[in-house]
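Heads up, the thing below is written out as structure tokens.
2 protein chains.
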Amino acid sequence: MNRVLHLSVQSVIAWSVLLLVSTSVVAQSNERDQEMIQRIFDQSLTDDKAYEWLRYLTQNIGGRLSGSVQAEQAVSYTYDQLRSMGLDRVEKQPVMVPKWVRGPKEYAYFETETGKTTSVPVCALGGSVATPGLGVKATVIEVKGLAGLEALSAEQVRGKIVFFNEPMDPKLIATFSAYGKAGSQRTSGPAAAARKGAVAVIVRSLNLALDDFPHTGVTQYGDLPKKQWIPAAAISTNAAELLSSVIQLNPNTQFYLKQSSENKGDVLSHNVIGEIKGSEFPDEIITVGGHLDSWDLGAGAHDDGAGCVQSLGVLALFKDLGYRPKRTIRVVMFMNEENGLRGGLEYAAQAVKKGEKHVMALESDAGGFTPRGFGFTASDRQWAQIDAWSTLFTPYMIDSFKRGGGGADIGPLAPHYPNMVLAGLSPDSQRYFVHHHAANDTFEHINKRELDLGTAAMASLIYLFDQHGVQP
Amino acid sequence: MNRVLHLSVQSVIAWSVLLLVSTSVVAQSNERDQEMIQRIFDQSLTDDKAYEWLRYLTQNIGGRLSGSVQAEQAVSYTYDQLRSMGLDRVEKQPVMVPKWVRGPKEYAYFETETGKTTSVPVCALGGSVATPGLGVKATVIEVKGLAGLEALSAEQVRGKIVFFNEPMDPKLIATFSAYGKAGSQRTSGPAAAARKGAVAVIVRSLNLALDDFPHTGVTQYGDLPKKQWIPAAAISTNAAELLSSVIQLNPNTQFYLKQSSENKGDVLSHNVIGEIKGSEFPDEIITVGGHLDSWDLGAGAHDDGAGCVQSLGVLALFKDLGYRPKRTIRVVMFMNEENGLRGGLEYAAQAVKKGEKHVMALESDAGGFTPRGFGFTASDRQWAQIDAWSTLFTPYMIDSFKRGGGGADIGPLAPHYPNMVLAGLSPDSQRYFVHHHAANDTFEHINKRELDLGTAAMASLIYLFDQHGVQP
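Chains as they are written, first to last, in this note's numbering: chain R, 105 to 576; chain B, 105 to 576.
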């Protein structure tokens with residue numbers, strides 16, 4: 105008994121020493137991380153690289169729809185910027201992308217039985233076909249979302265223009281959830297209406313605010329035979345409210361739409377890639393990126409110029425702070441997220457083809473607003489490691505770490521790398537859908553500090569993964 | 105031993121039952137609170153009262169400087185709104201306020217030795233005297249903050265125009281800290297420069313962004329004899345950067361300033377007050393408010409139209425949800441926060457005079473941006489109660505509860521009510537100083553959802569204090 109006690113005391117002492125040593129190692133590591141993260145934030149908040157890159161992308165180049173001259177200018181510009189940063193490798197990765205053009209500005213009005221016409225702001229949905237040259241005019245019928253359409257018979261829909269008018273749910277705090285809920289009427293509504301014989305579709309803009317901007321975005325005809333494709337346009341939220349009340353009073357309201365949009369087939373474009381080779385584990389690749397293409401109506405400032413320049417900013421911060429990463433840190437400006445995802449798909453295909461080892465990827469594609477945290481797709485064990493880091497972000501009020509998340513462009517890596525961590529920056533989302541896919545997604549709606557805080561948060565997260573590795 | 109064990113088991117059972125009962129009571133109360141808070145947020149996010157009140161205050165009335173016609177219009181407007189809400193008591197509380205007028209638009213330029221002049225955007229600081237009718241022109245000398253001035257001798261300053269050019273520190277995440285640090289050169293700089301013989305002062309605008317808006321704000325001559333008062337103006341951050349580099353190249357740069365501002369003495373104005381009487385503890389008063397006055401350059405949207413309409417919104421939410429408070433909930437639109445605080449002082453003086461019992465006060469005066477939490481001035485015991493509520497705000501991402509906080513207008517209550525809790529809404533602060541006291545503090549920079557989330561957070565906090573009381 106005594107001997108057991110004796111052993112036990114020895115054992116307690118041994119464990120205590122071990123615990124002290126390991127606690128001290130953890131504390132030192134934690135302190136070093138704190139200091140580095142502080143340096144990253146200080147540098148980001150006193151630097152203007154990301155903001156000035158974004159000014160150029162949005163004001164000198166502008167909207168960058170895949171296949172457009174502006175998209176190619178953005179490829180050249182970001183490639184040149186990466187070349188000037190003294191990286192270990194810079195590359196334009198070829199990728200074929202669909203080219204869709206809007207053509208001349210759309211025109212639409214509604215007409216009541218008295219013959220009075222009222223013009224309304226509309227824009228063709230991405231991928232939509234044109235109306236006949238003289239436009240299409242028909243009785244307009246309002247439905248709330250896909251369920252609203254399903255409740256109607258083909259007879260009720262045939263020959264009509266279907267008006268999808270389900271608003272985004274203002275009660276959802278995370279506005280991306282509201283986007284997800286109401287968004288199906290835009291992506292799948294036109295095809296569904298076509299199957300029931302509709303001649304055109306107009307969709308309430310996916311915007312939580314009431315204003316006069318129509319918001320574009322992709323629509324998909326899926327396996328609908330091409331000759332059954334019908335033109336589809338978004339209408340501003342103010343006009344949607346007006347039209348809805350007019351239809352209630354005049355069920356025979358006519359709607360006229362004219363648009364000249366066209367699918368032009370595939371053309372060559374590029375992902376733009378730059379990297380710093382890892383000093384210890386060069387084969388372990390950490391990707392950070394955003395998408396370089398944008399819709400054409402605005403300047404692609406929040407969606408996703410912000411994510412691009414933040415990603416470029418991560419490498420710039422590492423360079424400026426003299427930080428030499430252990431792992432390979434690669435920035436990717438993905439092409440064609442908006443209407444095809446070809447850049448993300450090609451990046452993943454090439455990674456697999458080359459036998460690359462991808463351990464982590466981070467995307468910023470939710471706007472350049474004040475960052476609140478990150479969302480992660482990770483195993484339980486990985487999540488335990490990541491979650492413990494959140495307190496390092498508390499001084500910057502960016503410590504809302506949640507499970508689930510990533511980004512459209514990095515998503516195609518996931519099936520090939522089951523052990524990798526995917527992450528997405530989570531900025532404050534309240535203003536995002538005011539600007540999303542609309543003419544007011546412009547530089548003046550970006551606040552430099554909010555943008556820089558995002559860059560710093562991303563660099564800090566990448567730094568932690570680089571330093572501490574990613575467990576499978 | 106056995107008996108002791110027996111007793112002990114009985115005791116454990118007794119305690120367990122007690123614990124279960126009390127846990128269950130707490131859980132029920134918690135669930136009721138959760139439900140009520142959910143109802144408050146749902147109502148706020150689907151309602152447009154606060155936003156429309158703000159539209160009127162900013163677009164139909166505009167900037168509301170104390171003593172101006174607009175300030176009196178705002179008194180009448182908010183009084184009428186309160187009267188229409190079916191409250192138990194609505195009052196205009198008389199208060200004498202200082203009236204300062206800007207006069208015709210200011211004009212300024214700098215002139216290098218070559219004789220070339222460059223005009224720069226300036227505005228008189230609140231309370232500043234005018235320049236002589238033909239303006240003042242003198243050599244301009246740059247200093248960084250009050251410390252920079254202190255380092256100069258009277259001889260170096262005499263006859264000169266002092267240019268205070270300490271920027272707000274971009275590295276501070278809480279921008280109000282940066283405002284506090286750089287702000288002293290505006291409030292105390294002109295008087296300090298006058299004591300050293302300066303003929304005028306220009307101050308870099310307290311703005312974290314580089315732009316062309318001069319930002320006003322109060323300056324105080326303190327006990328400096330009136331005939332020694334010198335004119336003081338703010339210069340835009342872009343112009344401050346330019347002027348600084350010009351001075352470095354041309355140390356004899358001259359600066360010319362002309363302004364016609366004038367202190368007109370005191371005039372009568374009002375705090376606007378409305379309340380719902382408490383059903384159980386009508387003598388316990390919970391105050392919620394913002395300040396109705398604003399600077400004259402913009403429309404007082406973020407500072408502090410937002411805080412006013414959020415406070416009105418708290419009572420409107422309670423009315424709309426049919427919530428009958430136990431304690432008296434009083435909304436106050438304070439007059440003259442910007443250049444005198446007379447409204448806050450009078451409100452506290454009347455409270456003491458009438459022997460009122462104030463238990464809690466909440467102010468919103470940090471902008472209408474996405475709320476992140478609250479700051480509290482409270483005892484340790486109170487703080488324990490309050491801190492436990494923060495998780496109720498987690499679903500809304502408004503759970504950053506911190507010690508320290510309140511508001512300028514509710515501050516004067518504190519010395520008279522040592523047991524009361526003071527609180528301030530803490531919105532995201534990154535954009536605030538882009539608009540603060542400048543011509544771009546306008547309605548279009550308010551996002552309805554961000555405003556409504558603040559209103560809901562405030563109503564939820566008031567609800568919790570009302571339900572559970574405030575411990576001394």
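Every residue, glycine too, gets a C-beta built ideally from N, C-alpha and C.
Range of the contiguous beta strand (DSSP E) that encloses residue i
i: E632 of chain R; result: Look at the range of chain R in this structure, 105 to 576, and you will see that residue 632 of chain R is not part of it.
i: D484 of chain R; result: It is not in any beta strand (DSSP E) - D484 of chain R instead sits in the alpha helix (DSSP H) that spans 484 to 493.
i: R187 of chain B; result: Unbroken run through R187 of chain B is the alpha helix (DSSP H), 173 to 187; no beta strand (DSSP E).
i: L361 of chain B; result: 358 to 362
i: L229 of chain B; result: Segment: none, L229 of chain B is in no beta strand (DSSP E) and carries neither H nor E.
Nearest to residue i (by Cα), restricted to the options the options
i: P236 of chain B; options: B:T474, B:K362, B:A420, B:M437; result: B:K362
i: V350 of chain B; options: B:D408, B:K275, B:T218, B:G321; result: B:T218
i: S340 of chain R; options: R:Q324, R:V371, R:S365, R:V307; result: R:V307
i: G293 of chain R; options: R:D315, R:K248, R:E467; result: R:K248
i: G171 of chain R; options: R:A518, R:K264, R:S398, R:V418; result: R:S398
i: L396 of chain R; options: R:G326, R:M524, R:G448; result: R:G448
i: D273 of chain B; options: R:N375, R:F505, R:Q147; result: R:Q147
i: G509 of chain B; options: B:K381, B:S281, B:R168, B:L555; result: B:S281
i: V199 of chain B; options: B:A337, B:V244, B:H374, B:R193; result: B:H374
i: F385 of chain B; options: B:V463, B:N342, B:A452, B:A337; result: B:V463
i: P429 of chain B; options: B:Y160, B:A258, B:L565, B:K264; result: B:L565
i: F145 of chain R; options: R:L568, R:D570, R:T559, R:S483; result: R:T559
i: L276 of chain B; options: B:R262, B:L312, B:T432; result: B:L312
i: T182 of chain B; options: B:Q260, B:L419, B:T320; result: B:L419
i: R136 of chain R; options: R:K285, R:E441, R:R187, R:W493; result: R:W493
i: I141 of chain B; options: B:N523, B:Q454, B:F422, B:T546; result: B:F422
i: A295 of chain B; options: B:G239, B:T216, B:Q324; result: B:Q324
i: Q197 of chain B; options: B:T546, B:D503, B:A304, B:F438; result: B:F438
i: E442 of chain R; options: R:A453, R:V413, R:S257, R:L169; result: R:L169
Residues that residue i contacts on chain B, provided the C-beta gap is smaller than 9 Å
i: L499 of chain R; result: The question names Leu, yet the displayed sequence has Pro at residue 499 of chain R. Residues of chain B passing the Cβ test: I277.
i: G405 of chain R; result: In the sequence as displayed, the identity of residue 405 of chain R is Ala instead of Gly. Per Cβ cutoff of 9 Å: no residues; A405 of chain R is ~15 Å from chain B at best.
i: A313 of chain R; result: N551, K552, R553
i: R535 of chain R; result: T474, N551, R553, E554
Proximal residues of chain B, C-beta to C-beta of residue i below 8 Å
i: R476 of chain R; result: M501
i: A455 of chain R; result: Here the premise fails: no neighbours, minimum Cβ distance about 35 Å.
i: D146 of chain R; result: K275
Beta-carbon gap between residue i and residue j smaller than 8 Å
i: E379 of chain B; j: L526 of chain B; result: no
i: L401 of chain R; j: A298 of chain R; result: no
i: G472 of chain B; j: I377 of chain B; result: no
i: P499 of chain R; j: A561 of chain R; result: no
i: K203 of chain R; j: D370 of chain R; result: yes
i: L625 of chain B; j: V266 of chain B; result: Residue 625 of chain B is absent from the structure shown; chain B starts at 105 and stops at 576.
i: I389 of chain B; j: R434 of chain B; result: yes
i: D570 of chain R; j: R485 of chain R; result: no
i: T391 of chain B; j: A465 of chain B; result: yes
i: T243 of chain B; j: K220 of chain B; result: no
i: V456 of chain B; j: G393 of chain B; result: no
i: D513 of chain R; j: K461 of chain R; result: no
i: Y536 of chain R; j: T150 of chain R; result: no
Residue span of the alpha helix (DSSP H) that contains residue i, given as start and end
i: K285 of chain R; result: 279 to 291
i: T559 of chain R; result: 552 to 572
i: E345 of chain B; result: 341 to 353
i: E156 of chain B; result: 153 to 159
i: E259 of chain R; result: 258 to 261
i: A313 of chain R; result: Unbroken run through A313 of chain R: none, as it is neither H nor E.
i: D424 of chain B; result: 410 to 424
Chain R contact residues for residue i, given Cβ-Cβ distances below 8 Å
i: P274 of chain B; result: L149, T150, R553
Under 7 Å by beta carbon: chain R residues contacting residue i
i: D532 of chain B; result: T474, D532
Interface residues of chain R facing residue i [CB-CB closer than 9 Å]
i: P504 of chain B; result: The residue asked about is misnamed: residue 504 of chain B is Ser in this sequence, not Pro. Near S504 of chain B (Cβ distances below 9 Å), the residues of chain R are M501.
So if I threshold CB-CB distances at 9 Å, which residues from the region 538 to 567 of chain R count as touching chain B?
Among the residues of the region 538 to 567 of chain R, those with a Cβ less than 9 Å away from any Cβ of chain B are V538, N551, K552, R553, E554, D556, L557, in the order of the chain.
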